[in-house]
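What follows is a set of notes on a single structure, which appears directly below.
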Amino acid sequence: MRSFVLKWGCLALLATGTALLFAGPAAATGSPVVAHVYVNDNTAKNNTVAGFDRHADGTLTALPGSPFAAGGAGSGSGLSSQGAIQVTGDGRYVLAVDAGSNQISVLRIENDGALKRVHVVSSAGTEPVSVAEHKGLVYVANAGTGGSNYTGFRLTTDGSLLPLSDSTFALPDGSQPGDVLFNSTGRNLVGTRIGTSEIDSFTVESDGRLDAATGSPFPAQGVGPFGSEFRPTNPGQLFVSNAHNTGEHSGTVSAFRLNSDGVLFSIGASPFADSQTAPCWVEISHDGNFLFTVNTGSGSVSRYKIAMSGSLHLLGSTQLSTSNAGAVDARLSADGRNLYVDQSKADSVAELAVSGGALTEVGTVPLPAGAAAAGIAVN
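Numbering (the numbering used here), first residue to last: 22 to 400.
This is the structure:
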């Protein structure tokens, strides 16, 4: 473990997970299937993706045939990242990082939600941890020593992932990128450097290559900038969790404004107190009104109201019922009615109902045996 991962750091908190036996599908719910949820199991040697039917009542049941072979190898231990798995914007494919084999897997989503592997490609670096896609343009963050970078690809209509020439942006060893993501226009891309507490910001050129903003990388407003998310209703507002501040209840979330050239400016009194430990993963409601951050150290989810300006008002936190669950990545359902939280140390996914800025836990569903789950995606 790198020396810069502090006591309350997300990676340190994931290191003691113990696999549970996969209990199989939950009891028949009777509630109709409305969508699907996918988790990158990050299993050692042969990586898999767990797939679930999402029912109208918010509960999940394992898809027949799940988990699905990704084609690469996982690391077998928790990834210190957000975005290790994504559903493409057109809803046709799942992209998953294979951190143990330095690859990216592309899996096609079948009509029934099952996954079929169509392509596995080198990540053009070492230890890929996060992937982002916008209209067929894909960027991956590689975090490993000797091959840390952001690298671009083009996703073809048949699911092939083709390297984008001259797109690699090299990072110094020890940067430990933790997230890479586009805003809703695809005009901007950012990445967090957990190891050096910095934020990269780029404009995306018409050919898909990156142009670093003046002043990038920008200093973070806390130690270990980790999860990040653009506001769905405002592509010029960015929110970043600061996970590695020293001590309990010291986490914060930063709010930034981006100008057209990708330069970051602090919003209001940013950073905003979280009053919890190790806020790592960030998700924002589709209407842009509420922000949720998963506190790995506290086993809770903090809830904020987002003002029009981008300032945050802490509403409180919701404790997850599973003790020492190692809560990590979280995603909202497409209709915004449910939040699903990967509980990496309990090998389960927590199901929460969403009502505005309020959360109520519905239940949990198990992950496959041997999972070191990293990332969750919905369609």
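We put the CB at the ideal spot given by N, CA and C, even for glycine.
Could you check the C-alpha separation between residue i and residue j for me, to the nearest Å?
| i | j | result |
| --- | --- | --- |
| L27 | D133 | For L27, the pLDDT reaches just 38, beneath the cut-off of 50, and the residue's location in the model is therefore unreliable, although a value from the coordinates is still provided. The alpha-carbon atoms of L27 and D133 are separated by roughly 43 Å. |
| S218 | P246 | 6 Å |
| I305 | N255 | 11 Å |
| F43 | S344 | Interpretation of F43 is limited by its pLDDT of 35, a score under 50 that renders its predicted location unreliable; the figure taken from the coordinates is listed afterwards. Cα-Cα distance, rounded: 19 Å. |
| G146 | P53 | 42 Å |
| L192 | L231 | 14 Å |
| A394 | N280 | 35 Å |
| P46 | V58 | Reliability fails at P46, whose pLDDT of 38 lies under 50, so the model's placement of it is uncertain and the value that follows must be treated cautiously. Their Cα atoms are separated by approximately 14 Å. |
| A390 | A328 | 42 Å |
| A164 | A117 | 15 Å |
| G79 | D350 | 18 Å |
| I220 | V274 | 14 Å |
| A48 | A77 | Bear in mind that the predicted position of A48 carries a pLDDT of just 41, short of 50, making it unreliable; the figure below should be weighed with that in mind. C-alpha separation (whole angstroms): 15 Å. |
| R208 | L285 | 14 Å |
| L333 | G86 | 42 Å |
| A299 | G268 | 9 Å |
| A91 | G289 | 43 Å |
| D194 | R214 | 11 Å |
| W29 | A56 | Model confidence at W29 stands at a pLDDT of 42, short of 50, so the residue's coordinates are unreliable; what they give is reported in the following sentence. Taking the straight line from one Cα to the other gives about 35 Å. |
| Q340 | S237 | 36 Å |
| S126 | V375 | 31 Å |
| N63 | G216 | 22 Å |
| I106 | E131 | 17 Å |
| N263 | G248 | 8 Å |
| V303 | G337 | 15 Å |
| T317 | R113 | 31 Å |
| N400 | S287 | 32 Å |
| G384 | L373 | 7 Å |
| P253 | A153 | 15 Å |
| F190 | F293 | 31 Å |
| S365 | S144 | 24 Å |
Would you kindly report the start and end of the unbroken beta strand (DSSP E) that includes residue i?
| i | result |
| --- | --- |
| A162 | L158 to N163 |
| L192 | From DSSP, L192 is part of no beta strand (DSSP E); its letter is neither H nor E. |
| R230 | No beta strand (DSSP E) contains R230, which DSSP labels as neither H nor E. |
| T339 | L333 to Q340 |
| A117 | Y114 to D119 |
| E250 | P246 to R252 |
| R278 | T273 to L279 |
| N310 | Looking at the DSSP string, N310 is not in any beta strand (DSSP E), and its letter there is neither H nor E. |
| G173 | N170 to L176 |
| K137 | L136 to S143 |
| G199 | P198 to F203 |
| L388 | No beta strand (DSSP E) contains L388, which DSSP labels as neither H nor E. |
| L81 | L81 to A83 |
| R352 | A348 to L353 |
| P238 | Careful: P238 lies outside any beta strand (DSSP E) and carries neither H nor E. |
Going by DSSP, which residues form a beta bridge with residue i?
| i | result |
| --- | --- |
| G377 | Bridge partners of G377: none, in fact. |
| I215 | Paired residue(s): none; I215 is not in a bridge. |
| N14 | Past the boundaries of the shown model lies residue 14; the chain is included only from 22 to 400, so the question cannot be answered. |
| P149 | N163 |
| G95 | A65 |
| N316 | P300 and S321 |
| S101 | None, per the DSSP bridge assignment. |
| H57 | D74 |
| I255 | According to the sequence provided, residue 255 is Asn. The question's Ile does not apply to it. According to DSSP, which records beta bridges pairwise, N255 is partnered with R252. |
What distance in whole Å lies between the Cβ atoms of residue j and residue i, which are believed to be in contact at a cut-off of 8 Å?
| i | j | result |
| --- | --- | --- |
| V362 | A371 | 4 Å |
| T224 | D308 | Incorrect: roughly 27 Å between the Cβ atoms, too far for contact. |
| N266 | G257 | Not confirmed; about 26 Å, so no contact. |
| P198 | V150 | 7 Å |
| L136 | V115 | 6 Å |
| G229 | S188 | 7 Å |
| V60 | L259 | Incorrect: roughly 25 Å between the Cβ atoms, too far for contact. |
| L210 | Y160 | 6 Å |
| Q124 | G93 | 4 Å |
For residue i, which option in the options has the closest C-alpha, if you only look at C-alpha atoms?
| i | options | result |
| --- | --- | --- |
| H155 | F203, A299 and G168 | F203 |
| N67 | S275, V261 and P88 | P88 |
| G320 | S365, D187, T69 and A348 | A348 |
| Q103 | T69, A162, G97 and A135 | A162 |
| V70 | H76, F239, F190 and V108 | V108 |
| T206 | A83, T381 and G110 | G110 |
| R358 | Q364, E382, S181 and A83 | E382 |
| T82 | V386, L333 and L128 | V386 |
| S196 | S101, S227, A367 and H270 | S101 |
| D179 | R138, D187, G212 and N170 | R138 |
| S122 | G168, I130 and G112 | G168 |
| L183 | L84, S369 and G173 | G173 |
| G378 | T314, A233 and S365 | T314 |
| S291 | L360, G72 and A241 | A241 |
| S98 | V141, S143, E148 and V303 | E148 |
| G243 | F190, D187, D295 and A233 | D295 |
| D401 | R129, G112, R113 and V141 | With the chain covering only 22 through 400, there is no way to say anything about residue 401. |
| R278 | R324, T235, S330 and N310 | S330 |
| S369 | A234, I397 and L353 | I397 |
From the beta carbon of residue i, is the nearest beta carbon of chain B less than 8 Å away?
| i | result |
| --- | --- |
| Q297 | Going by chain labels, chain B is absent from the structure shown, which holds only one protein chain. |
Tell me whether residue i counts as near the ligand NAD, meaning its Cβ is closer than 7 Å to at least one heavy atom of that ligand.
| i | result |
| --- | --- |
| T166 | Judged by which ligands are present, the structure shown has none, so any question about the ligand NAD falls away. |
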